[in-house]
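Since the structure comes first, as C-alpha coordinates, the remarks are kept for the end.
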Amino acid sequence: MRLLLVSIFLIGIAATHSQHSLLADGPRVIDVWPARAPGVAADAVLENKSEQNERIGTRVTSVSKPTLTIYRPAKEKDTKAAVVICPGGGYHILALDLEGTEVARWLNEIGVTGIVLQYRVPRAKELAKHELPLKDAQRAISIVRQHANDWGIEPDKIGILGFSAGGHLAATASTNFSTRTYDAVDATDEISCRPDFSVLIYPAYLTGEKGELGVQLADEVPVSDKTPPAIMIHAQNDGVTCNSSIAYFLALKEHKIPAELHIFPTGGHGYGLRPTEHAVTGWPALVERWLRSISVLSAE
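So, in C-alpha coordinates, the structure goes:
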(Lines of atoms letter the chains of each structure in order from A and count residues from 1; the text may use other names and numbers.)
(Lines give C-alpha, C1' and ligand atoms only; values in the text may rest on other atoms or scores of the structure.)
Protein backbone atom coordinates (compact mmCIF):
# COMPACT_ATOMS: atom_id res chain seq x y z
CA MET A 1 0.00 0.00 0.00
CA ARG A 2 2.81 2.40 0.90
CA LEU A 3 4.49 1.65 -2.43
CA LEU A 4 1.21 2.35 -4.24
CA LEU A 5 0.81 5.70 -2.47
CA VAL A 6 4.38 6.69 -3.29
CA SER A 7 3.81 5.77 -6.95
CA ILE A 8 0.62 7.86 -7.09
CA PHE A 9 2.46 10.78 -5.50
CA LEU A 10 5.30 10.57 -8.01
CA ILE A 11 2.86 10.36 -10.90
CA GLY A 12 1.14 13.48 -9.58
CA ILE A 13 4.45 15.34 -9.42
CA ALA A 14 5.29 14.26 -12.97
CA ALA A 15 1.89 15.41 -14.26
CA THR A 16 2.25 18.77 -12.53
CA HIS A 17 5.74 19.20 -13.94
CA SER A 18 4.50 18.34 -17.43
CA GLN A 19 1.58 20.76 -17.15
CA HIS A 20 3.82 23.62 -16.10
CA SER A 21 6.95 22.75 -18.08
CA LEU A 22 6.15 25.58 -20.46
CA LEU A 23 6.83 27.94 -17.60
CA ALA A 24 10.18 26.54 -16.55
CA ASP A 25 12.04 25.01 -19.47
CA GLY A 26 12.25 27.82 -22.01
CA PRO A 27 10.39 28.20 -25.32
CA ARG A 28 8.15 25.32 -26.29
CA VAL A 29 6.47 24.59 -29.60
CA ILE A 30 2.93 23.26 -29.83
CA ASP A 31 0.75 22.47 -32.84
CA VAL A 32 -2.15 24.77 -33.61
CA TRP A 33 -4.26 21.92 -34.97
CA PRO A 34 -4.61 18.38 -33.56
CA ALA A 35 -4.34 16.88 -37.05
CA ARG A 36 -4.39 18.46 -40.51
CA ALA A 37 -5.36 22.09 -40.53
CA PRO A 38 -8.59 22.93 -42.36
CA GLY A 39 -7.79 23.44 -46.01
CA VAL A 40 -4.68 21.24 -46.08
CA ALA A 41 -5.00 18.51 -48.68
CA ALA A 42 -5.17 14.93 -47.40
CA ASP A 43 -2.08 13.95 -49.38
CA ALA A 44 -0.03 17.02 -48.44
CA VAL A 45 3.23 16.50 -46.56
CA LEU A 46 3.00 18.26 -43.20
CA GLU A 47 6.25 20.18 -42.84
CA ASN A 48 7.59 23.65 -42.30
CA LYS A 49 10.59 24.79 -44.33
CA SER A 50 13.01 27.60 -43.54
CA GLU A 51 16.33 29.06 -44.54
CA GLN A 52 18.72 31.62 -43.14
CA ASN A 53 18.71 35.16 -44.47
CA GLU A 54 21.46 37.65 -43.75
CA ARG A 55 19.07 40.49 -42.88
CA ILE A 56 16.02 38.89 -41.31
CA GLY A 57 17.52 35.73 -39.81
CA THR A 58 15.25 32.70 -40.09
CA ARG A 59 13.09 33.01 -43.20
CA VAL A 60 10.22 30.52 -43.18
CA THR A 61 9.36 29.67 -46.76
CA SER A 62 6.57 27.13 -46.23
CA VAL A 63 4.19 26.23 -43.40
CA SER A 64 1.67 23.41 -43.73
CA LYS A 65 1.68 22.57 -40.01
CA PRO A 66 0.99 25.80 -38.07
CA THR A 67 2.66 26.09 -34.67
CA LEU A 68 2.84 28.31 -31.61
CA THR A 69 6.15 28.93 -29.82
CA ILE A 70 5.66 30.13 -26.26
CA TYR A 71 8.25 32.43 -24.67
CA ARG A 72 7.65 33.06 -20.96
CA PRO A 73 9.04 36.07 -19.05
CA ALA A 74 11.07 35.70 -15.87
CA LYS A 75 8.83 34.99 -12.89
CA GLU A 76 9.72 38.25 -11.15
CA LYS A 77 8.69 40.26 -14.25
CA ASP A 78 5.57 38.34 -15.20
CA THR A 79 2.50 40.57 -15.69
CA LYS A 80 0.21 37.66 -16.69
CA ALA A 81 -0.42 39.29 -20.09
CA ALA A 82 0.23 37.51 -23.40
CA VAL A 83 0.57 38.52 -27.04
CA VAL A 84 0.26 36.30 -30.12
CA ILE A 85 2.85 37.54 -32.63
CA CYS A 86 2.22 37.35 -36.39
CA PRO A 87 5.44 37.87 -38.40
CA GLY A 88 5.16 39.52 -41.78
CA GLY A 89 6.29 38.44 -45.22
CA GLY A 90 3.58 39.31 -47.72
CA TYR A 91 1.71 36.07 -47.00
CA HIS A 92 4.54 34.41 -48.95
CA ILE A 93 7.16 33.87 -46.23
CA LEU A 94 7.53 34.60 -42.50
CA ALA A 95 10.31 36.87 -41.22
CA LEU A 96 10.53 34.65 -38.17
CA ASP A 97 13.43 36.24 -36.27
CA LEU A 98 13.09 39.88 -37.34
CA GLU A 99 9.34 40.02 -36.65
CA GLY A 100 8.84 37.02 -34.38
CA THR A 101 11.38 35.63 -31.96
CA GLU A 102 13.11 38.98 -31.38
CA VAL A 103 9.73 40.51 -30.56
CA ALA A 104 8.89 37.71 -28.14
CA ARG A 105 12.15 38.37 -26.27
CA TRP A 106 11.29 42.08 -26.02
CA LEU A 107 7.83 41.27 -24.70
CA ASN A 108 9.46 39.03 -22.08
CA GLU A 109 11.55 42.00 -20.95
CA ILE A 110 8.39 43.97 -20.18
CA GLY A 111 6.80 40.99 -18.44
CA VAL A 112 4.59 39.70 -21.27
CA THR A 113 4.40 36.16 -22.60
CA GLY A 114 5.29 36.26 -26.30
CA ILE A 115 3.72 33.58 -28.47
CA VAL A 116 4.99 33.37 -32.05
CA LEU A 117 2.47 32.04 -34.57
CA GLN A 118 3.79 30.30 -37.65
CA TYR A 119 0.71 30.58 -39.84
CA ARG A 120 0.34 29.05 -43.26
CA VAL A 121 2.48 30.39 -46.09
CA PRO A 122 2.81 30.78 -48.99
CA ARG A 123 -0.70 31.92 -49.71
CA ALA A 124 -3.03 29.56 -51.54
CA LYS A 125 -3.42 31.03 -55.01
CA GLU A 126 -7.08 30.08 -55.35
CA LEU A 127 -8.06 31.69 -52.01
CA ALA A 128 -8.03 35.14 -50.46
CA LYS A 129 -4.51 35.85 -49.19
CA HIS A 130 -5.55 35.75 -45.53
CA GLU A 131 -8.13 32.95 -45.63
CA LEU A 132 -6.00 30.09 -44.29
CA PRO A 133 -3.85 32.26 -41.97
CA LEU A 134 -7.01 33.67 -40.36
CA LYS A 135 -8.12 30.16 -39.43
CA ASP A 136 -4.73 29.65 -37.78
CA ALA A 137 -4.92 32.97 -35.92
CA GLN A 138 -8.45 32.36 -34.64
CA ARG A 139 -7.48 28.94 -33.37
CA ALA A 140 -4.27 30.34 -31.82
CA ILE A 141 -6.13 32.92 -29.71
CA SER A 142 -8.51 30.24 -28.45
CA ILE A 143 -5.61 27.92 -27.55
CA VAL A 144 -3.92 30.63 -25.50
CA ARG A 145 -7.15 31.45 -23.70
CA GLN A 146 -7.83 27.75 -23.11
CA HIS A 147 -4.42 27.35 -21.45
CA ALA A 148 -4.43 30.68 -19.63
CA ASN A 149 -4.53 29.14 -16.18
CA ASP A 150 -1.84 26.56 -16.98
CA TRP A 151 0.46 29.17 -18.48
CA GLY A 152 -0.10 31.83 -15.81
CA ILE A 153 -1.98 34.19 -18.15
CA GLU A 154 -5.06 36.27 -17.43
CA PRO A 155 -7.67 35.29 -20.05
CA ASP A 156 -8.72 38.92 -20.58
CA LYS A 157 -5.16 40.10 -21.28
CA ILE A 158 -4.47 38.25 -24.52
CA GLY A 159 -3.54 40.47 -27.44
CA ILE A 160 -2.30 40.09 -30.99
CA LEU A 161 0.61 41.90 -32.67
CA GLY A 162 1.52 41.82 -36.33
CA PHE A 163 3.96 43.29 -38.83
CA SER A 164 3.13 44.09 -42.47
CA ALA A 165 1.07 41.12 -43.74
CA GLY A 166 1.06 39.92 -40.13
CA GLY A 167 -0.47 43.27 -39.23
CA HIS A 168 -3.22 42.63 -41.75
CA LEU A 169 -3.74 39.21 -40.18
CA ALA A 170 -3.86 40.73 -36.69
CA ALA A 171 -6.48 43.23 -37.89
CA THR A 172 -8.61 40.55 -39.55
CA ALA A 173 -8.43 38.42 -36.39
CA SER A 174 -9.46 41.49 -34.37
CA THR A 175 -12.54 42.08 -36.51
CA ASN A 176 -13.62 38.53 -37.45
CA PHE A 177 -14.15 36.75 -34.15
CA SER A 178 -17.91 36.36 -33.80
CA THR A 179 -18.00 33.52 -36.34
CA ARG A 180 -15.33 30.90 -36.98
CA THR A 181 -13.96 30.68 -40.48
CA TYR A 182 -13.83 26.88 -40.14
CA ASP A 183 -15.95 24.09 -38.69
CA ALA A 184 -15.21 23.44 -35.02
CA VAL A 185 -12.58 20.76 -34.50
CA ASP A 186 -12.85 20.22 -30.75
CA ALA A 187 -13.67 21.96 -27.47
CA THR A 188 -10.93 24.56 -28.07
CA ASP A 189 -13.12 26.11 -30.74
CA GLU A 190 -15.85 26.81 -28.21
CA ILE A 191 -13.54 29.35 -26.53
CA SER A 192 -13.52 32.99 -27.63
CA CYS A 193 -11.01 33.89 -30.34
CA ARG A 194 -11.40 37.64 -29.80
CA PRO A 195 -8.10 39.37 -28.95
CA ASP A 196 -8.31 41.82 -26.05
CA PHE A 197 -6.09 44.36 -27.83
CA SER A 198 -4.07 44.62 -31.02
CA VAL A 199 -0.75 46.16 -32.03
CA LEU A 200 -0.25 46.82 -35.74
CA ILE A 201 3.27 47.66 -36.89
CA TYR A 202 3.43 48.91 -40.49
CA PRO A 203 0.32 46.83 -41.39
CA ALA A 204 -0.33 46.06 -45.05
CA TYR A 205 -3.41 45.55 -47.24
CA LEU A 206 -5.90 47.36 -44.98
CA THR A 207 -7.13 49.75 -47.66
CA GLY A 208 -9.80 48.70 -50.12
CA GLU A 209 -11.01 50.56 -53.18
CA LYS A 210 -9.51 54.01 -52.93
CA GLY A 211 -11.90 56.66 -51.72
CA GLU A 212 -11.31 60.38 -52.03
CA LEU A 213 -8.31 60.18 -49.68
CA GLY A 214 -7.31 56.59 -50.44
CA VAL A 215 -8.10 55.47 -46.90
CA GLN A 216 -11.20 53.33 -47.31
CA LEU A 217 -10.93 50.21 -45.16
CA ALA A 218 -10.73 46.81 -46.86
CA ASP A 219 -13.90 44.72 -46.77
CA GLU A 220 -12.27 41.85 -44.86
CA VAL A 221 -11.70 44.11 -41.86
CA PRO A 222 -15.25 44.81 -40.57
CA VAL A 223 -14.57 47.09 -37.60
CA SER A 224 -17.48 47.24 -35.15
CA ASP A 225 -18.18 48.45 -31.63
CA LYS A 226 -16.82 45.07 -30.42
CA THR A 227 -13.42 45.48 -32.04
CA PRO A 228 -10.63 45.58 -29.43
CA PRO A 229 -8.54 48.71 -28.83
CA ALA A 230 -5.49 49.10 -31.04
CA ILE A 231 -2.29 51.02 -31.60
CA MET A 232 -0.81 51.54 -35.06
CA ILE A 233 2.78 52.48 -35.97
CA HIS A 234 3.84 53.50 -39.48
CA ALA A 235 6.30 55.63 -41.44
CA GLN A 236 5.00 58.12 -43.97
CA ASN A 237 7.60 57.05 -46.53
CA ASP A 238 6.82 53.35 -46.14
CA GLY A 239 6.33 51.72 -49.54
CA VAL A 240 3.51 49.77 -47.90
CA THR A 241 1.26 52.78 -47.55
CA CYS A 242 0.62 54.31 -44.14
CA ASN A 243 -2.98 54.72 -45.34
CA SER A 244 -3.51 51.18 -44.01
CA SER A 245 -2.94 52.41 -40.46
CA ILE A 246 -4.94 55.59 -41.08
CA ALA A 247 -7.92 53.66 -42.47
CA TYR A 248 -8.00 51.31 -39.49
CA PHE A 249 -7.67 54.19 -37.04
CA LEU A 250 -10.51 56.14 -38.64
CA ALA A 251 -12.78 53.09 -38.55
CA LEU A 252 -11.99 52.57 -34.86
CA LYS A 253 -12.65 56.26 -34.22
CA GLU A 254 -16.01 56.04 -35.97
CA HIS A 255 -17.03 53.20 -33.64
CA LYS A 256 -15.60 54.95 -30.56
CA ILE A 257 -12.99 52.24 -29.98
CA PRO A 258 -9.93 53.50 -28.06
CA ALA A 259 -7.10 53.77 -30.56
CA GLU A 260 -3.70 55.36 -30.95
CA LEU A 261 -1.96 56.20 -34.23
CA HIS A 262 1.68 57.18 -34.73
CA ILE A 263 2.95 58.13 -38.18
CA PHE A 264 6.58 59.19 -38.49
CA PRO A 265 7.96 61.02 -41.54
CA THR A 266 10.71 58.48 -42.30
CA GLY A 267 11.72 54.95 -41.50
CA GLY A 268 10.58 52.83 -44.42
CA HIS A 269 9.43 49.27 -43.91
CA GLY A 270 10.58 46.05 -42.30
CA TYR A 271 12.69 47.36 -39.41
CA GLY A 272 11.11 45.16 -36.76
CA LEU A 273 12.66 45.97 -33.39
CA ARG A 274 16.05 46.89 -34.76
CA PRO A 275 17.02 50.50 -34.07
CA THR A 276 17.97 52.84 -36.89
CA GLU A 277 18.53 56.58 -37.13
CA HIS A 278 14.79 57.02 -37.73
CA ALA A 279 12.54 57.91 -34.81
CA VAL A 280 9.95 55.31 -35.79
CA THR A 281 12.21 52.56 -34.45
CA GLY A 282 11.50 53.84 -30.94
CA TRP A 283 8.02 52.33 -31.27
CA PRO A 284 8.49 49.69 -28.52
CA ALA A 285 8.47 52.42 -25.84
CA LEU A 286 5.26 53.83 -27.31
CA VAL A 287 3.60 50.42 -27.26
CA GLU A 288 4.73 49.72 -23.70
CA ARG A 289 3.29 53.05 -22.54
CA TRP A 290 0.06 52.33 -24.42
CA LEU A 291 -0.25 48.90 -22.80
CA ARG A 292 -0.03 50.65 -19.44
CA SER A 293 -2.67 53.17 -20.50
CA ILE A 294 -5.16 50.39 -21.25
CA SER A 295 -4.25 48.53 -18.03
CA VAL A 296 -2.69 45.50 -19.71
CA LEU A 297 0.48 46.46 -17.83
CA SER A 298 0.38 48.20 -14.47
CA ALA A 299 1.14 51.91 -14.29
CA GLU A 300 4.75 52.73 -13.51
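Once you know that position 263 of the sequence shown is 264 in our numbering, the rest is easy, because the numbers rise by one and skip nothing. Cβ atoms here follow ideal geometry from the backbone N, Cα and C, with glycine treated the same way.
- Under a 10 Å Cβ-count criterion, Ala36 is classified as exposed, with fewer than 16 other Cβ atoms of the shown protein chains found around its own Cβ.
- Secondary structure note for Ser246: its alpha helix (DSSP H) is the uninterrupted segment Asn244 to Glu255.
- For Thr68, the secondary structure class from DSSP, reduced to helix, strand or coil, is strand.
- Judged by DSSP in its simplified three-state form, Asp79 adopts coil rather than helix or strand.
- Distance between Gly163 and Asp44, taken at the CA atoms: about 31 Å.
- If you ignore the 5 residues before and after Pro259, its C-beta comes within less than 6 Å of the C-beta of Pro230, all in its own chain and listed in chain order.
- Runs of the beta strand (DSSP E) lying entirely within the region 136 to 217, each at least 3 residues long, are 159 to 164 and 199 to 202 in chain order.
- Fewer than three pairs of CB atoms, one per stretch, sit closer than 8 Å, so the region 89 to 109 makes no contact with the region 142 to 153.
- Non-local C-beta neighbours of Tyr206 in its own chain, meaning closer than 6 Å and more than five positions away in sequence, comprise His169, ordered along the chain.
- In the DSSP assignment, Val104 falls within the unbroken alpha helix (DSSP H) covering Glu103 to Glu110.
- In the three-state reduction of the DSSP assignment, Arg60 falls in the strand class, which pools E and B.
- The Cβ atoms of Trp291 and Ile232 lie closer than 8 Å to each other.
- Counting along the chain, no beta strand (DSSP E) covers Val288; the unbroken alpha helix (DSSP H) around it starts and ends at Trp284 to Ser294.
- If you check the CB distance, Gly153 and Pro196 do not come in under 8 Å.
- Of all C-beta pairs linking the region 123 to 134 to the region 71 to 86, fewer than three are shorter than 8 Å, placing the two stretches out of contact.
- For Ser51, the enclosing beta strand (DSSP E) starts and ends at Asn49 to Asn54.
- Here Val281 carries a helix assignment [DSSP, helix/strand/coil].
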